[in-house]
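The sequence shown lines up with residues 0 to 298 when you count with numbering that gives the first Met the number 0. Every residue, glycine too, gets a C-beta built ideally from N, C-alpha and C. What you are looking at is a predicted structure, and each value in this text was computed from that prediction instead of being measured. Working notes, structure below.
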Amino acid sequence: MKKNIIGLLCLFACSWFAQAQLTLPGAPEGFDKEKEGIARGKIETLSYDSTTVGNARKALVYTPPGFSADEKYPVLYLLHGIGGDEKEWNNGAKPQIILDNLYAAKKLAPMIVVMPNGRAMKDDSAAGNVMAPDKVKAFETFEKDLLKDLIPFVEKKYPVKAERESRAIAGLSMGGGQSLNFGLGNLDTFAWVGAFSAAPNTKPPKELLPDTEKARKELKLLWISCGDADGLMGFSKRTHEYLEAEKVPHLFYVEKGGHDFKVWKNDLYWLSQLLFQPELRVEGLPLPAGVAPGPSAKE
Ligand code: FER
């Protein structure tokens with residue numbers, strides 16, 4: 000009885016909108032260690048003709064364990080940072096290990112993960128001065144390459160569900176800024192948006208999301224997270240504060256750590272479990288009360 004009353008009070012007192020920041024827990028021990036005897040997904044490299052850049056461009060693609068051309072899958076576009084390329088996630092996080100383990104634990108919706116090169120220019124390598132203005136500009140140009148070239152290519156080559164509810168965009172740092180800019184700027188294309196440690200390329204809030212009404216209606220998930228020791232925290236925080244003031248449902252997590260793959264692996268572990276699920280609910284992940292049953296409601 001007491002629990003019910005506390006639960007009810009919590010439901011009324013805290014709402015989805017009136018959320019404070021939440022702390023993102025660390026993934027359980029072993030989440031990123033290869034396990035014996037489980038089914039594995041596959042990583043391959045694709046090459047597509049970019050009309051935007053005018054040459055062939057590469058992306059890595061992870062297909063889940065049990066992948067079948069007879070089924071149709073949603074797609075997560077997973078973007079890298081300023082010092083990386085299409086291989087950065089694979090080198091820094093070994094996402095196939097994290098995802099294979101999550102599939103083995105039946106915690107993920109089957110999905111394809113596409114890891115593109117988000118520096119849309121002829122020489123898209125991370126060599127030389129990655130902060131050079133033309134290289135930084137190319138992270139902006141990637142919006143067109145993604146929408147006009149890569150997504151149509153992926154949707155021709157792979158058995159995918161080609162609708163907004165089946166497309167997610169998430170990324171780290173510059174890729175986090177791109178995910179917010181491109182995701183919120185193209186709600187007709189993406190319904191799931193995630194930014195890990197978003198960089199200064201993140202548009203200022205009003206420019207990022209002028210139509211808050213549309214976002215309130217159409218977003219399935221808006222995730223913003225950042226390490227507590229990351230110097231770029233201000234970009235996540237100002238976005239969160241705007242969304243909060245405008246009552247746009249979103250998740251804002253602060254976690255222990257800096258600007259590195261320890262944080263981004265953790266982010267991928269949690270975010271991937273939310274994607275393409277009918278309900279926002281993940282075991283061990285705190286959510287704002289009123290969104291989904293929290294620990295008090297589950298007892
Ligand atoms: C900057 C600081 C950091 C910047 C970009 C970054 C374009 C990106 C960091 C990353 O992607 O890890 O001033 O300007």
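Item to complete: Look at the alpha carbon of HIS239 and the alpha carbon of PHE251, and state the distance between them as a whole number of angstroms.
Response: Going by the C-alpha atoms only, they are around 7 Å apart.
Worksheet item: Thinking C-beta only, is LEU208 closer than 8 Å to VAL247?
Response: Taking 8 Å as the Cβ cut-off, VAL247 and LEU208 qualify as a contacting pair.
Fill in: Whole-Å CB distance - GLY192 paired with GLY226, under 8 Å assumed
The question names Gly, but residue 192 is Val in the sequence shown. Not confirmed; about 19 Å, so no contact.
Worksheet item: Among ARG39, ALA108, ALA58, which residue has its Cα nearest to the Cα of TYR72?
Response: In terms of Cα proximity to TYR72, the closest of ARG39, ALA108, ALA58 is ALA108.
Worksheet item: What residues in its chain sit with their C-beta under 6 Å from that of ASN180, if we drop five residues either side in the sequence?
Response: Within its own chain, the residues whose Cβ lies closer than 6 Å to the Cβ of ASN180, once the five positions on either side in sequence are excluded, are LYS202, listed in chain order.
Fill in: C-alpha distance - ALA68 paired with LYS156, whole-angstrom precision
So the two alpha carbons sit approximately 10 Å from each other.
Worksheet item: Is it buried or exposed for GLY82, if we count other Cβ within 10 angstroms and need 16 for buried?
Response: Label assigned to GLY82: exposed.
Practice prompt. Take GLN302 as the anchor and find which of ALA137, ALA214, MET232 has the nearest alpha-carbon.
Written response: Residue 302 lies beyond the stretch modelled for the chain, which goes from 0 to 298, so this question has no answer here.
Worksheet item: Helix, strand or coil for GLU33 per DSSP?
Response: The answer is coil: DSSP assigns GLU33 none of H, G, I, E or B.
Practice prompt. Using three-state DSSP, classify ARG56 as helix, strand or coil.
Written response: Secondary structure at ARG56: strand, using DSSP grouped into helix, strand and coil.
Practice prompt. Could you tell me if ALA38 is buried or exposed, where buried requires 16 or more neighbouring beta carbons within 10 angstroms of its beta carbon?
Written response: It is exposed - the Cβ of ALA38 has fewer than 16 other Cβ atoms within 10 Å.
Worksheet item: Where are the alpha helix (DSSP H) runs, 4 residues long or more, that stay fully inside the stretch 128-206, in chain order?
Response: List check, alpha helix (DSSP H) in window: 132-143, 150-156, 173-184.
Discussion item. Which residues does DSSP list as the beta-bridge partners of PHE251?
Written reply: Paired residue(s): ILE223.
Discussion item. Using CA atoms only, rank isn't needed, just tell me which of LEU221, LEU242, VAL129, SER224 is closest to GLU206.
Written reply: Of LEU221, LEU242, VAL129, SER224, the residue nearest in Cα terms is LEU242.
Worksheet item: Is the distance from the Cβ of SER172 to the Cβ of GLY80 below 8 Å?
Response: When the beta-carbon positions are compared, SER172 and GLY80 come within less than 8 Å of each other.
Discussion item. Can you give me the C-alpha to C-alpha distance between GLY29 and GLY53, rounded to a whole angstrom?
Written reply: When the Cα atoms are used, GLY29 and GLY53 turn out to be separated by approximately 43 Å.
Practice prompt. Can you tell me which of the three DSSP states GLU43 falls into?
Written response: GLU43 falls in the strand class under three-state DSSP.
Worksheet item: Looking at the structure shown, is THR62 part of a helix, part of a strand, or coil, going by DSSP?
Response: In this structure, THR62 counts as strand in the three-state DSSP scheme.
Fill in: Around the ligand FER, Cβ to any heavy atom closer than 5 Å, ordered along the chain
Residues with their Cβ less than 5 Å from any non-hydrogen atom of the ligand FER, running along the chain, are GLY80, ILE81, VAL135, SER172, MET173, ALA198, PRO199.
Worksheet item: Assuming ALA190 and LEU270 make a contact with CB atoms under 8 Å, what is their CB distance in whole Å?
Response: At roughly 14 Å, the Cβ-Cβ gap does not stay under 8 Å, so ALA190 and LEU270 are not in contact.
Worksheet item: Do ARG118 and ASP148 have their C-beta atoms within less than 8 Å of each other?
Response: The Cβ-Cβ distance between ARG118 and ASP148 does not fall below 8 Å.
Practice prompt. Counting only runs of 3+ residues fully inside the stretch 234-284, write out the beta strand (DSSP E) ranges in chain order.
Written response: List check, beta strand (DSSP E) in window: 250-254.
Item to complete: Please report how far the alpha carbon of PRO287 lies from the alpha carbon of HIS249, in whole angstroms.
Response: If I take the Cα positions, the gap works out to 9 Å.
Practice prompt. Just grab the DSSP bridge partners of SER49 for me.
Written response: ASN54, per the DSSP bridge assignment.
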